[in-house]
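S.K.:
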Amino acid sequence: MKRTSVKIVVAGGFGTGKTTLVGSVSEIAPLTTEELLTEAGVGVDDVTGVESKTTTTVALDFGRITISPDVVLYLFGTPGQDRFWFMWDELAQGAIGAIVLVDTRRLDTSFAAVDYFERRRIPFVAAVNRFFGECPYTEDEIRGALELGADVPLVWLDARDRSSSKAALVALVRHAMSRLPLPSAL
Amino acid sequence: MIDGWDGDDETATGGFLPLYILVNGRTTPRNSSLDLATQVIAIAADVRRLEPEYLQILDRCKDWISIAEIGAYLHTPLTIVKVMVDVLLEQGYLDSGSPAQQKVIDPGLLGAVLAGLERL
Ligand SMILES: Nc1nc2c(ncn2[C@@H]2O[C@H](COP(=O)(O)OP(=O)(O)OP(=O)(O)O)[C@@H](O)[C@H]2O)c(=O)[nH]1
Ligand SMILES: [Mg+2]
């Protein structure tokens, strides 16, 4: 088999535990890589532009899980700020799917991520991070607030806990498999 | 472009665009299937003609490594790593694996990922 990369996106609002989840399951300490962006409408096509004020960098962190000698899974956390949608597109392209982390103290911060994956029909699971043990909402209340489709799995997790993060990844891959076209439709 | 999405989405740009950078006369990889998760590996070759920036990348590629990891270890933005890796691929210094860019619709691959995760 050819050396193969697969991706899972870890998304959610600012401070919802994305980096913590990546770190708890990755076989390497999470790494950070940067992309250079330029303000829309400003044409920069030369290295001389890199110093200019019209450019900015966006950092994203990621981890790695070796699945087999040929297959490596990369977990990419989305950048915290919503304005870097361009990076989301690159992360989501070809991904198995996404885990959308939800902080029950600020449900609304994960709404943009839910909406992003819904619109593109990318499989995702909502993962409610238990920051303070007891959750003040029922599953139905969270589903309602985030406008989750009935088929979207909702899991509870502690992103600091390896087996809990692993269970969320397993739920996502199972969900992605359930959405594969039937063999007869291929 | 992601399957099933028509690109008509008010959240698409958010005011920022990728910055294209000129490396060896090119601003984007010719091989557009290069993804930040694509893995590459060095091929034995005479590297004496290569500039230090390229040698630095090759040094990291003795074993399979992704574009994102190269960028992280060398503190180089992804756009630049992609274009330079593309040059090295084209000139036969690197080999690449599957790009992780097509939608995964291979049940065998998903099954392998599931089994791998359950073993963790
Ligand atoms: N109690 C508790 N704390 C958590 C959990 N997950 C993350 N935290 C803490 O919450 C804070 C934010 O977590 P991060 O993993 O940095 O969140 P993030 O989503 O990567 O944040 P940004 O990248 O800034 O958007 C950290 O101080 C974590 O230690 C959790 O499951 N339970
Ligand atoms: Mg983070």
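Note that the protein sequences, when read in sequence, are chains A and B. For the first sequence, my numbering assigns the number 1 to the initial residue and increments by one for each residue that follows. For the second sequence, my numbering assigns the number 1001 to the initial residue and increments by one for each residue that follows. Cβ coordinates follow ideal geometry from the N, Cα and C atoms, glycine included. Everything numeric in this text was worked out from a predicted model, so none of it was measured.
Using CA atoms only, rank isn't needed, just tell me which of A:Val6, A:Thr66 and A:Leu107 is closest to Ala141 (chain A).
M.R.: The residue labelled residue 141 (chain A) in the question sits at position 141 within the first sequence. First, the residue type needs correcting, since residue 141 (chain A) is Glu and not Ala in the sequence shown. Taking only the C-alpha atoms, the option nearest Glu141 (chain A) is A:Leu107.
S.K.: Which of helix, strand or coil does DSSP assign to Val170 (chain A)?
M.R.: Numbered from 1 along the first sequence, position 170 holds the residue referred to as residue 170 (chain A). Val170 (chain A) falls in the helix class under three-state DSSP.
S.K.: The alpha helix (DSSP H) spanning Lys18 (chain A) covers which residue range?
M.R.: Start at 1 with the first residue of the first sequence, and residue 18 (chain A) comes out as number 18. Looking at the DSSP string, the run of the alpha helix (DSSP H) that includes Lys18 (chain A) is Lys18 to Val25.
S.K.: Looking at chain A, is there any beta carbon in it that lies within less than 7 Å of the beta carbon of Leu1078 (chain B)?
M.R.: As a first step, residue 1078 (chain B) must be located in the second sequence, where it is residue number 78. Chain A contact via Cβ: present.
S.K.: Using three-state DSSP, classify Ile1093 (chain B) as helix, strand or coil.
M.R.: Residue 1093 (chain B) sits at position 93 when you count from the first residue of the second sequence. Reading the sequence as shown, one finds Tyr at residue 1093 (chain B) and not Ile. Tyr1093 (chain B): coil per DSSP, three-state reduction.
S.K.: Residues near ligand 2, CB to any non-hydrogen atom under 7 Å, in chain order?
M.R.: A:Lys18, A:Thr19, A:Asp61, A:Gly77 and A:Gly80
S.K.: Give me the Cα-Cα distance between Ile1057 (chain B) and Ala167 (chain A), rounded to the nearest whole angstrom.
M.R.: The residue labelled residue 1057 (chain B) in the question sits at position 57 within the second sequence. The residue labelled residue 167 (chain A) in the question sits at position 167 within the first sequence. Approximately 36 Å, taken between the alpha carbons.
S.K.: Measure the alpha-carbon distance for Ile1080 (chain B) versus Thr4 (chain A) and round it to whole angstroms.
M.R.: As a first step, residue 1080 (chain B) is located in the second sequence; it is residue number 80 there, counting from the start. As a first step, residue 4 (chain A) is located in the first sequence; it is residue number 4 there, counting from the start. Looking at the two C-alpha atoms, the distance is approximately 22 Å.
S.K.: Mind checking which residues open and close the beta strand (DSSP E) that includes Tyr74 (chain A)?
M.R.: Against the first sequence, residue 74 (chain A) aligns to sequence position 74. Residues Val71 to Gly77.
S.K.: Going along chain A in order, which residues have a C-beta closer than 9 Å to the C-beta of Ala1045 (chain B)?
M.R.: Residue numbering aside, residue 1045 (chain B) sits at position 45 when the second sequence is read from its first letter. Neighbourhood of Ala1045 (chain B) in chain A, by CB distance below 9 Å: empty, with the nearest CB roughly 19 Å away.
S.K.: Is the shortest distance between the beta-carbon of Arg160 (chain A) and the beta-carbons of chain B less than 7 Å?
M.R.: Start at 1 with the first residue of the first sequence, and residue 160 (chain A) comes out as number 160. Judged by the 7 Å Cβ criterion, Arg160 (chain A) is not in contact with chain B.
S.K.: Indicate the three-state DSSP secondary structure (helix, strand or coil) for Leu1120 (chain B) in the structure shown.
M.R.: Translated into positions along the second sequence, residue 1120 (chain B) becomes position 120. Three-state DSSP puts Leu1120 (chain B) in coil, outside helix and strand.
S.K.: State yes or no: is the C-beta of Arg160 (chain A) within less than 7 Å of the C-beta of Thr20 (chain A)?
M.R.: Counting from 1 along the first sequence, the entry for residue 160 (chain A) is found at position 160. Counting from 1 along the first sequence, the entry for residue 20 (chain A) is found at position 20. For Arg160 (chain A) and Thr20 (chain A), yes; Cβs fall inside 7 Å.
S.K.: Give a yes or no on whether 7 Å exceeds the smallest Cβ distance from Gln1039 (chain B) to chain A.
M.R.: As a first step, residue 1039 (chain B) must be located in the second sequence, where it is residue number 39. Yes, its Cβ sits closer than 7 Å to a Cβ of chain A.
S.K.: Using a Cβ-Cβ cut-off of 8 Å (strictly less than) and excluding sequence neighbours within five positions of Arg1060 (chain B), which residues of its own chain qualify?
M.R.: Here residue 1060 (chain B) refers to the residue found at position 60 of the second sequence. Cβ within range, chain order: Glu1069, Ile1070, Tyr1073 and Leu1074.
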